[in-house]
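**Q** Structure in structure tokens, see below.
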Amino acid sequence: MSEASTVAPNEDLIVSVSEVTLRFGGVTSLSDVSLDQRRGEILSVIGPNGAGKTSLFNCLTGVYEPQEGSIQFCGDPHREPVEVIGRRPNRVSRLGIARTFQTSRLFNALTTFENVKIGVESRQHTGPIGAVLRLPRTRREERESDQRTLELLEFVGLRAQANTLSSALAFGDQRRLEIARALGTEPSLLLLDEPAAGANQSEKAELERVIRRVNSELGISVLLIEHDMRLVMSIAERVVVLNFGEVIATGTPATVQRDKRVIEAYLGTTEDEEAG
Ligand SMILES: Nc1ncnc2c1ncn2[C@@H]1O[C@H](COP(=O)(O)OP(=O)(O)OP(=O)(O)O)[C@@H](O)[C@H]1O
Ligand SMILES: [Mg+2]
-11 MSEASTVAPN EDLIVSVSEV TLRFGGVTSL SDVSLDQRRG EILSVIGPNG
39 AGKTSLFNCL TGVYEPQEGS IQFCGDPHRE PVEVIGRRPN RVSRLGIART
89 FQTSRLFNAL TTFENVKIGV ESRQHTGPIG AVLRLPRTRR EERESDQRTL
139 ELLEFVGLRA QANTLSSALA FGDQRRLEIA RALGTEPSLL LLDEPAAGAN
189 QSEKAELERV IRRVNSELGI SVLLIEHDMR LVMSIAERVV VLNFGEVIAT
239 GTPATVQRDK RVIEAYLGTT EDEEAG
């Protein structure tokens, strides 16, 4: 490894992944992966197809349970870090980790507004009985969640499309809607799995703007998987490179771009693709 994958011991970390190994039968998706993310940082995870990027997100959100290692998450700097591994996805969401998916998981039959409201309501306290009886607290929460939903739509530039079915939105709008829905859960760490995949240049520019504002205005740490190198190099403070489930480089965008193992990993993929 060209540089340590961890940051200095006294840094304030939002998440610390230590020696995580994830296997599926004979396939090792993640092998002894360690990485640290500073609070408030935009950190990018890159690597060729099948490198283990989405598997890492699945470990960070309780979808996969790695066989080895530890993931310490510290959403609130005034509290002790907690172990993510072994918690179920809805528990991890309540800790303050939210994500978007590589392929859209919007509810197509719902409007833009309703898609975000689902995220917002996952944070609320009303149980099914409260909802049926329409208790005062339930009514207040309803008003608050409507308000919050509209604010989030405004934030990502979709307020005017609130009543549009999400399936009828332009592609780039759908990707920003997914971000709004994830923000509804009030995360302190937002994981984005290839948010710009399939987007055109102007949609990418819009996405970049939203990601920067999530970070700078809302103070949310962002972990970004992305194949668009121009976007990564422009937005990420540091980059972690995965290849065949291993961290092969960590550093500033400029450093990893020059790293011999990184160049080889990417050239290898290109040759394979040309051959196939
Ligand atoms: N549920 C699963 N069962 C079996 N193998 C899996 C599972 N999830 C991931 N893998 C394997 O783990 C490896 C890493 O996959 P992963 O989806 O994490 O890669 P990735 O870096 O996100 O790739 P891409 O850039 O194509 O999205 C692959 O070999 C994949 O087949
Ligand atoms: Mg993936």
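The sequence shown lines up with residues -11 to 264 when you count with my numbering. Cβ atoms here follow ideal geometry from the backbone N, Cα and C, with glycine treated the same way. On a predicted model such as this, the values are computed, not experimentally measured, just so you know.
1) Of all the options Ile167, Val33, Gly107, Ile2, which has the alpha carbon lying nearest to the alpha carbon of glutamate 234?
2) From this set, Leu211, Arg218, Leu178, Gly207, which residue's C-alpha is nearest lysine 192's C-alpha?
3) What's the gap between the Cα of arginine 96 and the Cα of valine 144?
4) What does a CB cutoff of less than 6 angstroms around glutamate 259 pick up in its chain, not counting 5 residues either side in sequence?
5) Cβ-heavy atom distance between asparagine 203 and ligand 1 below 7 angstroms?
6) Could you give the C-beta distance for serine 209 and leucine 177, rounded to a whole number, given that I count them as a contact under 8 angstroms?
7) Which runs of the beta strand (DSSP E), 3 residues or longer, sit entirely within the region 2 to 31?
8) What residue does the alpha helix (DSSP H) around threonine 238 start on, and which one ends it?
9) Who's in the neighbourhood of ligand 2, going by beta-carbon under 7 angstroms from any heavy atom, listed in chain order?
10) Can you tell me whether valine 8 is buried or exposed? The criterion is at least 16 other CB atoms within 10 Å of its CB, across all chains shown.
11) Please confirm whether any heavy atom of ligand 1 lies closer than 7 angstroms to the CB of glycine 57.
12) Less than 8 angstroms separating the beta-carbons of isoleucine 213 and glutamate 182?
13) On the three-state DSSP scale, how would you describe glutamate 53?
14) Kindly give me the distance between the Cβ atoms of leucine 140 and leucine 98, rounded to whole angstroms, as I take these residues to be in contact under 8 angstroms.
15) With three or more beta-carbon pairs closer than 8 angstroms as the criterion, would you say the region 50 to 64 touches the region 225 to 233?
16) Can you confirm whether the region 151 to 170 touches the region 187 to 205 when touching is taken to mean that 3 or more C-beta pairs between the two stretches lie within less than 8 angstroms?
17) Mapping DSSP to helix, strand and coil, what is threonine 152?
18) Helix, strand or coil for isoleucine 73? Go by DSSP, reduced to three states.
19) Quick check on the DSSP output: what are the complete alpha helix (DSSP H) runs of length 4 or more inside the region 185 to 249, in order along the chain?
20) Put serine 110 into one of helix, strand or coil per three-state DSSP.
21) Could you compute how far the alpha carbon of valine 70 sits from the alpha carbon of arginine 93?
22) Examine the Cβ distances between the region 100 to 114 and the region 60 to 77 and report whether three or more of them are shorter than 8 angstroms.
23) Please state the DSSP three-state secondary structure of aspartate 181.
24) In whole angstroms, what is the alpha-carbon distance linking valine 80 and glycine 14?
25) Helix, strand or coil for alanine 97? Go by DSSP, reduced to three states.
26) Let me confirm a value: serine 304 is counted as buried when at least 16 other C-beta atoms fall within 10 Å, else exposed. Which label applies?
27) Check the Cβ-Cβ distances between serine 209 and every residue of chain C, and say whether any is below 8 angstroms.
**A** Let me lay it out:
1) Val33
2) Arg218
3) Reading off the sequence shown, one finds asparagine at residue 96, where the question assumed arginine. If I take the Cα positions, the gap works out to 19 angstroms.
4) Confidence in glutamate 259 is poor, its pLDDT being 47 and thus under 50, which makes the residue's placement unreliable; the coordinate value appears in the next sentence. Nothing listed; no residue qualifies.
5) no
6) 5 angstroms
7) 15 to 26
8) Per DSSP, threonine 238 belongs to no alpha helix (DSSP H); it is in the beta strand (DSSP E), 234 to 239.
9) Lys41, Thr42, Gln90, Asp181, Glu182, Ile213
10) buried
11) no
12) yes
13) coil
14) Not confirmed; about 15 angstroms, so no contact.
15) no
16) yes
17) coil
18) coil
19) 189 to 204, 217 to 223, 241 to 246
20) coil
21) 28 angstroms
22) no
23) strand
24) 28 angstroms
25) coil
26) Outside the shown range of the chain (-11 to 264) lies residue 304, about which nothing can therefore be said.
27) Within the model displayed, chain C is absent; a lone protein chain is all it includes.
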